[in-house]
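Participant: Below you will find the structure I want to go over with you.
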Amino acid sequence: MSTITTKDGTEIYYKDWGTGKPLFFHHGWPLSSDDWDAQMMFFLEKGYRVIAHDRRGHGRSSQVSDGHDMDTYAADVAAVTEALDLKDAVHIGHSTGGGEAIHYAANLGKDRVSKVVLISAVTPLMVQTENNPDGVPMSVFDEIRQGTAFNRAQYFEDFTIPFYGYNREGAKISVGIRKNWWRQGMMGGVKAHHDGIKAFSETDFTEDLKSVDIPVLVLHGEDDQIVPFPLSGAKAIKLLKNGKLISYPGFPHGMPATEAETINKDLLAFIQS
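Per full-length UniProt numbering, numbering through the sequence shown is continuous, rising by one, with the last residue being 273.
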């Protein structure tokens, strides 16, 4: 396996395929780089170099006890990009990975990133606070923590239903997509998944979004039941200096898998622009 070892001894697994302009993919919670299969293959065939890693504690990376916070996630990304000497890269993040991508670009990757894409991203802030009164109540994230920590196998199976919008009338349910989500989730470590909930729900990305000057594309499904569009994509675009928003009526949180043809087309247009 291809891995790099971070300063704290964590092994981070990554894929690095092809040549050409580098595209770096950041996966969502609690998945792995495998969640980008439909995008990795599409862009590889278009002549791009495609890179994706498994976040610490996820997939094939070390199931370490510590470091499950956004600063460390970004530092791990920096370690991979520096080891591979990636320059002029487009960083594409889904859900938690969107937060990771913009946090890296704003703080550690300024000389290496040309564009960022936020897909169904957790930016700017998910949890309800005094300054974010319309956010998601902490009780929701406590329920995710409880289910993840002590009933993970069944909880993850159930989570795929709203994740892909399979509870909507007329939805065409893919058993394979559901099983693949569950497989990826159960590959990772329960401690990383439990602690990562705080990272994706309580990290405030407002200053990251405000500080970047590079082009940022925001893609969000209007029927996202996991990271609701009004709380995320609709807010994030207002904070960006050089942002573009595309919202999709009826698309779910997991739209890179269920709506790959549409997402890939819009990604390609932005990358080539």
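For every residue, glycine included, the Cβ atom is placed at its ideal position computed from N, Cα and C.
What is the rounded straight-line gap between the Cα of Met-138 and the Cα of His-68?
Facilitator: 18 angstroms
Participant: Among residues of its own chain, excluding the 5 on either side of Lys-115, which ones have a beta-carbon nearer than 8 angstroms to its beta-carbon?
Facilitator: Val-90, His-91, Ile-214, Pro-215, Val-216, Leu-217, Phe-270 and Ile-271
Participant: Do the CB positions of Thr-10 and Arg-60 come within less than 8 angstroms of each other?
Facilitator: no
Participant: Mind checking which residues open and close the alpha helix (DSSP H) that includes Thr-81?
Facilitator: Note, Thr-81: alpha helix (DSSP H), 70 to 83.
Participant: Quick one: Cα of Lys-235 to Cα of Ser-33, how far?
Facilitator: Here the C-alpha atom of Lys-235 lies approximately 27 angstroms from the C-alpha atom of Ser-33.
Participant: Report yes if the CB atom of Ala-74 is closer than 8 angstroms to the CB atom of Tyr-104, and no otherwise.
Facilitator: yes
Participant: Once DSSP output is grouped into helix, strand and coil, what is the label at Val-140?
Facilitator: Val-140 carries a helical assignment under DSSP once its states are collapsed to helix, strand and coil.
Participant: Using the C-alpha atoms, what's the distance from Ala-153 back to His-194?
Facilitator: 13 angstroms
Participant: Measuring CB atoms only, is the segment 223 to 233 touching the segment 248 to 263, in the sense that at least three cross pairs come out at less than 8 angstroms?
Facilitator: yes
Participant: So for Asp-16, helix, strand or coil by DSSP?
Facilitator: strand
Participant: Check the C-beta distance from Ile-177 over to Thr-258 and give it rounded, since I have them as a contact under 8 angstroms.
Facilitator: 7 angstroms
Participant: Whole angstroms is fine: what's the gap from Ile-144's alpha carbon to Ala-83's?
Facilitator: About 35 angstroms.
Participant: In the DSSP assignment, find the unbroken beta strand (DSSP E) run with Ile-214 in it and report its ends.
Facilitator: Run containing Ile-214: none; DSSP gives neither H nor E here.
Participant: Roughly how many angstroms lie between the CA atoms of Gly-188 and Asn-264, to the nearest whole one?
Facilitator: 27 angstroms
Participant: On the CB-based measure, 16 or more other CB atoms within 10 Å of its CB, does Lys-238 come out buried or exposed?
Facilitator: exposed
Participant: Flag this pair as touching only if the segment 192 to 206 and the segment 166 to 177 have three or more C-beta atom pairs under 8 angstroms; answer yes or no.
Facilitator: Taking a cut-off of 8 angstroms on C-beta distances, the segment 192 to 206 does not touch the segment 166 to 177, as fewer than three cross pairs fall below it.
Participant: With DSSP as the reference, please indicate the residues paired to Lys-244 in a beta bridge.
Facilitator: Leu-217
Participant: Is there contact here, the segment 22 to 33 with the segment 94 to 103, by at least three beta-carbon pairs under 8 angstroms?
Facilitator: Contact between the segment 22 to 33 and the segment 94 to 103 is present, because at least three Cβ pairs lie under 8 angstroms.
Participant: Which value, in whole angstroms, describes the spacing of the CA atoms of Pro-228 and Ile-12?
Facilitator: 30 angstroms
Participant: Pick from Pro-133, Glu-45, Ile-246 and Ala-101: whose alpha carbon is nearest that of Val-212?
Facilitator: Ala-101
Participant: Nearest to Ser-232 by CA position, among Asp-134, Lys-21, Phe-141 and Tyr-166, is which residue?
Facilitator: Asp-134
Participant: Under the rule that 16 or more other beta-carbon atoms within 10 Å means buried, what is Arg-183, buried or exposed?
Facilitator: exposed
Participant: Ignore the nearest five residues each way along the sequence and tell me which others in Arg-112's own chain have a CB closer than 7 angstroms to its CB.
Facilitator: The beta carbon of Arg-112 is closer than 7 angstroms to those of Thr-81, Leu-86, Lys-87 and Ala-89 in its chain, skipping five residues each way along the sequence.
Participant: I'd like to confirm something about Trp-181: is its beta-carbon nearer than 7 angstroms to some heavy atom of the ligand ZN, or not?
Facilitator: This structure lacks the ligand ZN, and indeed carries no ligand of any kind.
Participant: Since Pro-162 is in the alpha helix (DSSP H), which residue starts that stretch and which ends it?
Facilitator: 152 to 163
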